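Structure first, then comments.
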């Protein structure tokens, strides 16, 4: 097939250029590897992968976060997030604290156990990322960041669209 010709991706069923196809297939492979890696991490931590990713969302928030915010970020229902927080609290990864500005609100605070006890699982990934960054120039890194940011935003938007059309 000549470069630039269209072909059909059997997974998407869409006509794509060869470059688009290769990029999509690499993205799908990365996505699958990421899911499998985080499933293994969650298993080592004694968590479900959903609980692990909600913990990750709470860790990346600046300071304590509400259950509603975790629901918004994860796409889970508030009821499901309550169950996640219950399990994370029992496992001593988080604790519920009162909002100092509004005592009616409850915040979820990540406990230091998560980063101290489990960071070794990410060392190989961190090292590989550092090596990859050193092998590319600043412009290439910015291009990769731009692409990944755009795809992340697209995935969030498409996830929301799918969730809003559950019954349609």
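In this note's numbering, the protein residues as written are 1 to 168. Using N, Cα and C, we set each Cβ at its ideal position, and we do this for glycine too. Nothing here was measured: the structure is a model prediction, and the numbers come from that model.
Below 8 Å, enough C-beta pairs join the segment 74 to 88 and the segment 45 to 59 to call them touching: three or more. Checking the DSSP bridge columns, you'll see residue 95 partnered with 109.
Nearest Cα to residue 70 within the set 108, 150 and 93: 108.
Exclusion of the five residues before and after residue 127 leaves no residue of its chain whose Cβ lies closer than 8 Å to its Cβ.
If you look at residue 16, you'll find it in the beta strand (DSSP E) that goes 15 to 17. For residue 53, the enclosing alpha helix (DSSP H) has its first and last residue at 49 to 60. Residue 45 holds the alpha-carbon nearest to the alpha-carbon of residue 88 among 144, 45 and 28. Contact check between the segment 18 to 36 and the segment 60 to 74: fewer than three CB pairs, one atom from each, fall below 8 Å, which does not count as touching.
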